[in-house]
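Quick notes on the structure that follows.
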Amino acid sequence: MKRILLCITGASGAIYGVRLLRKLKKMGHEVHLILSSWGSETLEHEMGIKRSDLEHEADKSYDQTEMAAGPASGSFPLDAMAVVPCSMKTLAGIANGYAENLILRAGDCSLKEKRPLVLVPREAPYNLVHIENMSKATKAGASILPASPAFWHKPQTIEDLADSVVDRVISHLGVTLDSDIEWTGMSD
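As numbered in my numbering, residues 355 to 542 make up the sequence shown, in order.
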């Protein structure tokens, strides 16, 4: 069992964060959760889920203003961190070491401690500043995994599309996954 920090920020695509939380919990992992203020707003707008309801699904939740909470320290035991979805503001903060809230500080700690950090931007199109911030974050040790669902597995539902991204995030977090969404080649 791994201890994973999941952060949900204000980019559209709350379904990715929710599906990731639920899948990791179903697999038996310990999930700590931080919702940004806009992540909470987006969650309710897109999915009709209240912040408090999702926080109850996590093993532990924090407010982004809790700068003295465990994830603000590199000595806090975490196996990996994911920001799903990752707003461009959060990407910029992590890429440039601007640790003004708990999400950004936890990202900073993940980078300095060389822990897996997966950032899932959902913005489109990207401008040059976004691309440069992705480059900086990648050079610092993060994995940039855009919310670009696969279609080769012939998804039937929105959840199938979301899960194609979620499964890739799980893999990049260093978690072994038995997935139905695995490329085995093309056949007639």
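Note that beta-carbon positions come from the ideal geometry of N, C-alpha and C, so glycine has one too.
Through-space distance from residue j to residue i, alpha-carbon basis
i: A423; j: V483; result: 31 Å
i: H399; j: G428; result: 34 Å
i: R373; j: Q510; result: 16 Å
i: G528; j: D462; result: 19 Å
i: W506; j: G367; result: 21 Å
i: S406; j: D532; result: 30 Å
i: T530; j: L432; result: 17 Å
i: A412; j: V438; result: 15 Å
i: A453; j: M540; result: 45 Å
i: F430; j: S518; result: 30 Å
i: D417; j: A504; result: 33 Å
i: K414; j: I388; result: 9 Å
i: L499; j: V523; result: 7 Å
i: A365; j: V474; result: 10 Å
i: N455; j: K380; result: 29 Å
i: V520; j: V472; result: 11 Å
i: L515; j: S441; result: 20 Å
i: R469; j: L375; result: 19 Å
i: K496; j: T396; result: Note that residue 496 is Ala in the sequence shown here, rather than Lys. Answer to the nearest angstrom: the Cα atoms are 24 Å apart.
Residue i: first and last residue of the uninterrupted beta strand (DSSP E) it sits in
i: R358; result: Reading the sequence as shown, one finds Ile at residue 358 and not Arg. Looking at the DSSP string, the run of the beta strand (DSSP E) that includes I358 is 357–362.
i: K334; result: There is simply no residue 334 to check, as the chain begins at 355 and stops at 542 in what is shown.
i: L471; result: 471–475
i: M435; result: 434–440
i: V543; result: Lying outside 355 to 542, the shown extent of the chain, residue 543 is not represented and no answer is given.
Option nearest residue i by Cα separation, candidates the options
i: L360; options: R373, L378, H386; result: H386
i: R571; options: T419, A501, K490; result: Because the chain in this structure spans residues 355 to 542, residue 571 falls outside the shown range and cannot be described.
i: T363; options: F430, F505, S391; result: S391
i: A494; options: F505, G371, N450, A412; result: N450
i: K346; options: S415, M355, Y480; result: Shown here, the chain extends from 355 to 542; a query on residue 346 therefore has no answer.
i: I457; options: G393, L499, S489; result: G393
i: M488; options: H526, L515, I448, K468; result: I448
Delimiting residues of the alpha helix (DSSP H) encompassing residue i
i: A504; result: Element bounds for A504: n/a, residue is neither H nor E.
i: L465; result: 456–466
i: S406; result: 405–411
i: L527; result: Counting along the chain, L527 falls outside any alpha helix (DSSP H), and DSSP gives it neither H nor E.
i: E420; result: Neither: E420 is in no alpha helix (DSSP H) and is coded neither H nor E.
Residue i burial status per 10 Å Cβ neighbour count (16 or more: buried)
i: G402; result: exposed
i: V377; result: Note on residue identity: the sequence assigns Lys, not Val, to residue 377. Counting Cβ neighbours within 10 Å, K377 comes out buried, since at least 16 surround it.
i: G382; result: exposed
i: T538; result: exposed
i: I485; result: exposed
i: S464; result: buried
i: M355; result: exposed
i: T492; result: exposed
i: T419; result: exposed
i: I512; result: exposed
Cβ-Cβ separation, residue j to residue i (assumed contact under 8 Å), whole Å
i: A478; j: I358; result: At roughly 26 Å, the Cβ-Cβ gap does not stay under 8 Å, so A478 and I358 are not in contact.
i: A436; j: R459; result: The pair is not a contact, with the Cβ atoms about 16 Å apart (cut-off 8 Å).
is_contact[residue i, chain C] using C-beta, thresh 8 Å
i: M488; result: Absent from the structure: chain C. Only one protein chain is present.
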